[in-house]
Amino acid sequence: MKHRGRHRRRRRGQALRATLAGTALALTAAATLISTSQASGSGAPGALAPVSQAGPLRLHENLVDARTLDTLTRRMGGNVGVSGVLTDTDHVMRNRAGCDTAETDALPVEPTATRAYCWDRADSTSPGWVPRAVTTSGDADDDGAWGENRVILAGWTHSARTAGTPARDRSLARIAVIDANDPDRLTYRWILLVAPTDGGKDFTAVRSRLSGMVWYQGKLIVTAEGGADRTGGLLVFDLHRILKADAADNAIGRVNGGYAAHGYQYVLPAIGSYTPAGGRCDPTTDQGTPCPGALSLDRSSAPDSLVASERIPQGSDRRTRLWRYPFGLGTDTARGGLLAGDTRGRVDASEAYETKATGVSGVLSHRAEGASGADWYVDRTSDHRDVLWRQSGSGAKAAECTADQSHACWGRGTRSLSYWEQTGELWSLSPDGVLYAAPLTAVEKSLE
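Structure, rendered in structure tokens:
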């Protein structure tokens with residue numbers, strides 16, 4: 000996507016980075032004893048080991064016919080897009096000072112989060128809804144903005160296990176579109192994820208556990224867990240195609256007088272999926288098709304790539320696979336933001352490893368300037384706080400906050416990792432309702 004005023008926004012981004020750097024330097028370190036756990040430490044996942052990229056990691060691309068999407072767009076009054084939602088935000092996030100103690104207790108100890116926000120109280124206490132994934136306009140475009148706007152997207156899923164939950168609410172998936180132009184006042188609006196049906200004359204709810212999410216160019220790619228076929232693939236959405244519901248009804252789809260979205264004002268219809276070529280994913284075997292868990296974008300690779308981790312339960316005796324898919328480099332604007340595939344729609348991983356870490360809830364790959372290879376960061380669930388490991392082919396490191404390495408430094412129960420290259424921030428969120436950022440340089444410093 001082409002943007003006017005790119006150089007002006009880059010200067011704005013440079014100024015913002017300088018401000019954030021100053022903020023980070025002004026913060027004092029936590030009053031705890033910090034040590035660095037090496038690969039030989041207790042519970043360390045060790046070095047990454049390369050694995051074969053073929054077979055189990057292959058995906059097949061399935062796109063919805065453009066005529067179906069155009070029919071739905073026409074019937075619902077035309078595309079609204081991200082900018083349309085930003086002009087209609089109706090919730091305000093609480094700054095750190097407005098967060099509850101239970102919420103701020105989930106923040107990292109070392110490094111300290113330089114920015115932290117909590118959701119509107121009605122959303123943070125809504126039963127069954129859990130925040131699971133984050134991505135930003137820093138992923139979407141290399142200048143860090145979408146048009147003239149700085150935007151954060153956060154994916155939430157409604158738990159199917161919540162007692163007393165009506166069947167119509169179970170496993171619904173929604174996205175918070177957050178206006179991040181003013182760091183002191185973040186506002187947001189919800190959009191519901193849906194799938195077109197009946198040739199675009201109707202739509203139904205997407206019911207999926209959003210453990211991973213990446214916004215690249217105009218496309219949003221999310222994990223597809225818990226769907227009807229349980230294949231464990233990926234769903235694709237086009238953020239140019241956000242549509243507005245015109246009927247106030249709890250139904251989802253076409254109703255008398257228009258279209259309803261369970262009370263939501265906006266919907267985002269899926270435009271396709273990536274399904275495992277080997278069939279249904281299997282979390283019980285090292286040789287089978289992996290069930291994707293966390294996702295992130297790596298802009299330091301060539302070409303830019305989608306990074307994924309396997310969903311393995313904490314404490315499993317299995318190793319977790321980490322891998323990447325390259326994004327396409329073609330000139331076809333309609334395919335902008337889609338993965339690179341062959342003429343048969345096959346998408347292969349370009350790189351894959353395995354780690355001893357289990358319970359991975361966030362993954363990130365980044366190659367520092369001048370480095371020979373990328374470091375991989377995995378957010379690993381712990382009994383106390385999560386452990387953020389930095390891994391490579393030579394070993395693993397993580398900052399610990401007690402001398403006996405029994406208490407980790409990273410946030411508690413964190414979900415998802417997203418690196419905003421223009422600002423140098425590593426973004427994450429917690430199920431306790433906190434969206435926060437810490438400089439990647441501070442993360443690195445805690446590992447030195």
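0 is the number of the first residue of the sequence shown in numbering that gives the first Met the number 0; add one for each residue after it.
Glycine residues also receive a C-beta, built at the ideal position from the N, C-alpha and C atoms.
Quick caveat: nothing in here was measured; it's all calculated off a predicted structure.
contact_flag[the region 308-320, the region 355-367] where n(CB pairs < 8 angstroms) is 3 or more = yes
Where the alpha helix (DSSP H) through Glu102 begins and ends = 100-103
Distance, Ile220 Cα to Thr332 Cα | 17 angstroms
Rounded distance between the beta-carbons of Ala436 and Ala112, thought under 8 angstroms | 6 angstroms
Assess, as a yes-or-no matter, whether the region 45-60 is touched by the region 166-184 under the definition of 3 or more beta carbon pairs within less than 8 angstroms.
-> no
Opening and closing residue of the beta strand (DSSP E) in which Leu152 lies | 150-157
In angstroms with no decimal places, state the Cα-to-Cα distance between Gly271 and Gly432.
-> 30 angstroms
Terminal residues of the continuous beta strand (DSSP E) containing Arg253?
-> 251-254
Since Ala269 contacts Tyr258 with CB under 8 angstroms, what's their CB separation in whole angstroms?
-> Not really, about 16 angstroms apart at Cβ, beyond 8 angstroms.
Pull up the distance between the alpha-carbon of Gly361 and that of Ser304, whole angstroms please.
-> 16 angstroms
Going by other Cβ atoms of all chains shown within 10 Å of its Cβ, with 16 needed for buried, is Arg66 buried or exposed?
-> exposed
Beta-bridge pairing of Glu224 - partner residues as DSSP gives them | None, per the DSSP bridge assignment.
Pick from Leu242, Glu224, Ser123, Arg149 that is closest to Thr72, judged by C-alpha positions | Leu242
Go to Gly137, then tell me how far its alpha helix (DSSP H) extends in each direction, as first and last residue.
-> 136-139
How about Asp297 and Ser210: do their beta carbons lie closer than 8 angstroms?
-> no
Would you give the residue range spanned by the alpha helix (DSSP H) that Arg50 belongs to?
-> Sequence inspection shows Val at residue 50; the Arg mentioned does not correspond to that position. It is not in any alpha helix (DSSP H) - Val50 carries neither H nor E in the DSSP assignment.
Exposure label - Asp183; buried when at least 16 CB within 10 Å = exposed
For Lys396, which of helix, strand or coil comes out of DSSP?
-> strand
Rounded C-alpha distance that separates Thr58 from Gly231 = The question names Thr, but residue 58 is Leu in the sequence shown. So the two alpha carbons sit approximately 11 angstroms from each other.
Quick one: any contact between the region 70-87 and the region 145-165, if contact means 3 or more CB pairs under 8 angstroms?
-> yes
Leaving aside the five residues before and after Val386 along the sequence, list all residues of the same chain whose C-beta is less than 7 angstroms from its C-beta, in chain order.
-> Arg379, Ala397, Ala407, Trp409
Nearest neighbour of Trp388, chosen from Ser371, Leu439, Arg345 [CA to CA] | Leu439
Pull up the DSSP beta-bridge partners for Met212, would you.
-> Val221
DSSP-derived helix/strand/coil call for Val108 | coil
With DSSP as the reference, label Leu243 as helix, strand or coil.
-> Note that residue 243 is Lys in the sequence shown here, rather than Leu. Looking at Lys243 - three-state DSSP - the assignment turns out to be strand.
Using 10 angstroms around the beta-carbon of Leu328, count the other beta-carbons present and answer buried if the total reaches 16, otherwise exposed.
-> exposed
Reference Gly369; option with closest CA among Ala339, Ser299, Ala139 | Ser299
Residues that DSSP places opposite Gln390 in a beta bridge | Trp375, Ala395
Is Thr284 helix, strand or coil when you go by DSSP?
-> coil
Please classify Asp64: does DSSP put it in a helix, a strand, or coil?
-> coil
State buried or exposed for Ala25, treating a residue as buried only when at least 16 other CB atoms are found within 10 Å of its CB.
-> Residue placement at Ala25 cannot be trusted, given a pLDDT of 33 that sits under 50; what the coordinates show is reported in the next sentence. So Ala25 ends up on the exposed side.
Euclidean distance between Cα positions of Asn78 and Asp237 = 11 angstroms
Are the beta-carbon atoms belonging to Gly143 and Gln390 less than 8 angstroms from one another?
-> no
Please name the residue, chosen from Arg114, Val235, Ala276, that lies closest to Ala348 on a Cα-to-Cα basis.
-> Ala276
For Ala96, count neighbouring Cβ atoms within 10 angstroms of its own Cβ and tell me buried if that reaches 16, exposed if not.
-> exposed
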